[in-house]
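**Student:**
Dropping the structure here:
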């Protein structure tokens, strides 16, 4: 209330309401202070309890620090000592355990060696081998431990090696007693005489009074298997079996196996029988081999064995793995290959071979010599279509190559009416296979009608008369016969045979020019024959594929079989060879004419003799060529070739004479006489036919084939003519002389022949 009075005294402006509100607010503040005081009184004991707990925690922390220091200083050291002692004891225990296990292994090894030795003395080879292998296994395990070496292991290994060799030696002797080979003196020979002297003795036949226990052969084989030596023994046995029994049975048809069983021994001998055949049929070979395998299976191969890593197997399985690959390969290449038919008509008969092959494989599988999935022989025999095609193609290629490398000069004459047996085109609608008979009668029945008036010769489009190599004719026959074979074969075989025929012709283009290169370059007749050969082949290639278009094979029937694309190559081959020979002959002609001393100064006897000799040599060369090519080249080719060569000589003579700058009257007379020799004897080189009277026609047609013939005649006239005659033959550039010589050439001849006079000048003025 004193506070209120002071406030009122301080401010007289405050009204009563304001003073009342202020009094109420101050009253509420007093209540708040009372509540705070009450809360303080309640909180004070809790603070005191907390301070007591803090004091207790600090005491516990001090005690923990004391305990930690004690553990670090005393207990931890004791633990380290205990851990070290535990580790040492553990290592000692491991070492003692290892030593104990080694001692036990050594004891096992020692026991195994003793039992092995004891079993070997009692000839219990399987037990001896098993104990030896047990000792070997223990030593291998001991030696595999790293950082562990004992000197005794080396001694034991040496002892085991000696013992193993001892067992192998005894087993080898037993093996030699069981299987005895009696071979011919000339070992390594597989001839019939040597094989007949060979014998195989198997002492594996049990005696009748022998107990039913394990036979000795099984014990020996099992012991060898345990020691790992059986594979090498069977490999040697298989090698001898192949060399002296199985392979000879395949190679020698006369060889017959003769099995013989005696007490405690089986003997396999051979005898030779007289046979006319060179190769055995697969059926005969399989029968002989089955006889041998059945005998071997009965007395040796059926023995069961426990093979390490393979389980229970028979000797037949092991031997089959060793020799079957080589044996099957030999059977295929020396028996089945020879039995493949050479004609598609015999393919049906080959089913007997397939059945026999299947039966042979089944027999070997039954004896466990082969696995069930082994079918190498049957696969080969069943694929006879492909093998037939391959063999046929190989034989055809070999025959073709032999013909290509034979002599070219053995010839046959080909005429348009040659009646050669070639396949005739069948009726497209008949569907029949091609048949071989004589060519179509169109070739012999006269002219072929093309309408009411037009007619063609029966020889239209036929190859002209010429000579070809007999080997090429045989080559074409081979191609026709092969394609004929293709029409009766399967699609795959037909395709191979068709490609084979194409290969024949492609091979011809490579082989013949290379193999006969030297003769084709040196001998004109062979070059002409090669030209004819190529034209003959290309002539047939034009229709070769079409003739077999209606064969049964889809390839041929579809029209895809064609040889037309090979025609340009063959024509080019023949033409290039003949043109090369023509270039050689031209070179020789020009070389001979080069010795004529340019036909200058003919008034000199030496020059005249040289020119006359050159002319004679050229004519002699042409006559020789005419005889060489006579009855070889077609007449039109012959005349063109001889005309070209004679034209070369005449052109060279004309060029040399026209180039002379001075020709005296005597020179002109002698040049005329030389030209007269060429004019008279030149046509006589045209002798394409053997009949002399028939050659006159072609000798009269020399201007047709020799382009410079009229030029040469005009030159002769100029050499004997006067100025007026020359001007007359020029006829203002319209005469015969103007057709053969240019104005400059005629003027040059006039200047060389005549002296410089007014008449010569007047004549020269008219030549323009």
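Numbering (full-length UniProt numbering), first residue to last: 1 to 768.
Built from N, CA and C at the ideal position, the CB exists for glycine as well.
1) Counting Cβ pairs closer than 8 Å, one from the segment 686–705 and one from the segment 622–636, do we hit at least three?
2) Between the segment 117–130 and the segment 218–238, can you find at least three pairs of beta-carbon atoms closer than 8 Å?
3) Within 10 Å of its beta-carbon, does residue 547 have 16 or more other beta-carbons around it, so buried, or fewer, so exposed?
4) Output the boundary residues of the beta strand (DSSP E) element that contains residue 531.
5) According to DSSP, is residue 483 part of a helix, a strand, or is it coil?
6) So, with DSSP's three-state summary, where would you put residue 388?
7) Does the pairing of the segment 563–575 with the segment 583–596 give three or more beta-carbon distances under 8 Å?
8) With distances taken between CB atoms, is the gap from residue 726 to residue 752 smaller than 9 Å?
9) Leaving aside the five residues before and after residue 707 along the sequence, list all residues of the same chain whose C-beta is less than 7 Å from its C-beta, in chain order.
10) Given this structure, state the Cα-to-Cα distance separating residue 545 from residue 563, to the nearest angstrom.
11) Since residue 464 and residue 635 should fall inside the 8 Å C-beta cutoff, what is the C-beta to C-beta distance between them, to a whole number of angstroms?
12) Below 8 Å CB to CB, which residues in the same chain sit around residue 429 once its five sequence neighbours on both sides are set aside?
13) Pull up the CB-CB distance for residue 255 and residue 272, whole angstroms please, since I reckon it's below 8 Å.
14) Ignoring anything shorter than 4 residues, give me the alpha helix (DSSP H) runs that lie fully in the segment 13–101, in order along the chain.
15) DSSP three-state call for residue 272: helix, strand or coil?
16) Identify every residue that forms a DSSP beta bridge with residue 179.
17) Could you give the first and the last residue of the continuous alpha helix (DSSP H) run that contains residue 382?
18) For the candidate residues 383, 520 and 476, whose alpha-carbon lies nearest to that of residue 407?
19) Just to confirm my understanding: we take residue 658, look at its own chain, exclude 5 residues before and 5 after, and list those with CB closer than 7 Å. What are they?
20) Are the Cβ atoms of residue 156 and residue 106 separated by less than 9 Å?
21) If I measure Cβ to Cβ from residue 516 and keep anything under 8 Å in the same chain, skipping five residues before and after, which residues do I get?
22) Does DSSP put residue 706 in a helix, a strand or coil?
23) Out of 348, 357 and 394, state which residue places its alpha-carbon closest to the alpha-carbon of residue 335.
24) Going by beta carbon distance, what residues of the same chain come within less than 7 Å of residue 469, once the five residues before and after it are set aside?
25) For a minimum of 3 consecutive residues, which ranges assigned as the beta strand (DSSP E) are wholly contained in the segment 612–654?
26) Please identify the residue among 738, 732 and 701 whose C-alpha is closest to the C-alpha of residue 717.
27) To the nearest angstrom, how far is the alpha carbon of residue 626 from that of residue 618?
28) Compute the Euclidean distance between the alpha carbons of residue 201 and residue 175, then round it to the nearest angstrom.
29) Between the segment 357–369 and the segment 383–396, do at least 3 Cβ pairs fall closer than 8 Å?
30) Using the C-alpha atoms, what's the distance from residue 418 back to residue 655?
31) Assuming residue 603 contacts residue 667 (C-beta within less than 8 Å), just tell me the rounded distance between them.
32) If I follow the unbroken alpha helix (DSSP H) through residue 675, where does it start and stop?
33) Is the segment 324–331 close to the segment 345–354, with three or more CB pairs under 8 Å?
34) Determine the closest residue to residue 137 out of 308, 333 and 606, with distance taken between C-alpha atoms.
35) Is residue 311 helix, strand or coil when you go by DSSP?
36) Assuming residue 303 contacts residue 217 (C-beta within less than 8 Å), just tell me the rounded distance between them.
**Tutor:** Let's see:
1) yes
2) yes
3) buried
4) No beta strand (DSSP E) contains residue 531, which is instead part of the alpha helix (DSSP H) from 524–547.
5) helix
6) helix
7) no
8) With respect to residue 752, residue 726 sits apart: the two C-beta atoms are not nearer than 9 Å.
9) Around residue 707: 647.
10) So the alpha carbons of these two residues sit roughly 6 Å apart.
11) 7 Å
12) Summary for residue 429: the model assigns pLDDT 47, below 50, so the residue's position carries little reliability, and this model does not support an answer.
13) So it is a contact: roughly 6 Å between Cβ atoms.
14) 16–70
15) Strand at residue 272.
16) 202
17) 376–382
18) With distances taken between Cα atoms, residue 407 lies closest to 520.
19) 745, 748 and 749
20) yes
21) 408, 526 and 530
22) Of the three classes helix, strand and coil, the one that applies to residue 706 here is coil, per DSSP.
23) Residue 357 is the option with its Cα nearest to residue 335.
24) 408, 410, 411, 529 and 533
25) none
26) Checking every option, the nearest Cα to that of residue 717 belongs to 738.
27) 12 Å
28) 12 Å
29) no
30) 46 Å
31) Their Cβ separation, rounded to whole angstroms, is 6 Å, which keeps residue 603 and residue 667 in contact under 8 Å.
32) Per DSSP, the unbroken alpha helix (DSSP H) holding residue 675 starts and ends at 665–681.
33) Counting C-beta pairs closer than 8 Å gives fewer than three between the segment 324–331 and the segment 345–354, which falls short of the contact rule.
34) 308
35) strand
36) The distance from the Cβ of residue 303 to that of residue 217 is about 6 Å, consistent with a contact at the 8 Å cut-off.
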